[in-house]
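Number 198 in our numbering belongs to position 69 of the sequence shown; there are no gaps in the numbering.
Glycine included, each C-beta is placed from N, C-alpha and C at the ideal position.
Since the structure comes first, as structure tokens, the remarks are kept for the end.
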Amino acid sequence: MVQAAIGDDAKRQADQAILARAGQWHREVQVHTLKELAISGGEVLQTAGRKGGPWLSELLKQLLIAVAAGELPNDRLTLLKHVETVVKNDGSKPIA
């Protein structure tokens, strides 16, 4: 019974530490939603020179993750250059 209580306390402390770290990470992340990205879907379409489609949503999600992870800055010109690179490397295929 005592060991179970000690185990529960240790689990509770571990859970609290995980929650604290998750909260810290959330506060440190530059963007949380697509609206917070420095570029819009329209700018991506214009830069890509393509019609909209599922590729656009996928690319925007990838940009959001890259900015949130600190792999790319949330800077308009940097993100547009990244879009150009992705489109160039992808040829004429839709980005997926």
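Residue range 183-197 is occupied by the alpha helix (DSSP H) that includes PRO183.
With a cutoff of 8 Å on beta-carbon distance, LEU209 and LEU192 are scored as not near each other.
In the displayed model, ASP219 falls within a helix according to three-state DSSP. LEU185 is the residue among GLU165, LEU185 and ALA167 whose C-alpha sits nearest the C-alpha of LEU174. LEU206 carries a helical assignment under DSSP once its states are collapsed to helix, strand and coil. With contacts defined by Cβ atoms closer than 8 Å, LEU188 and ALA195 do not form a contacting pair.
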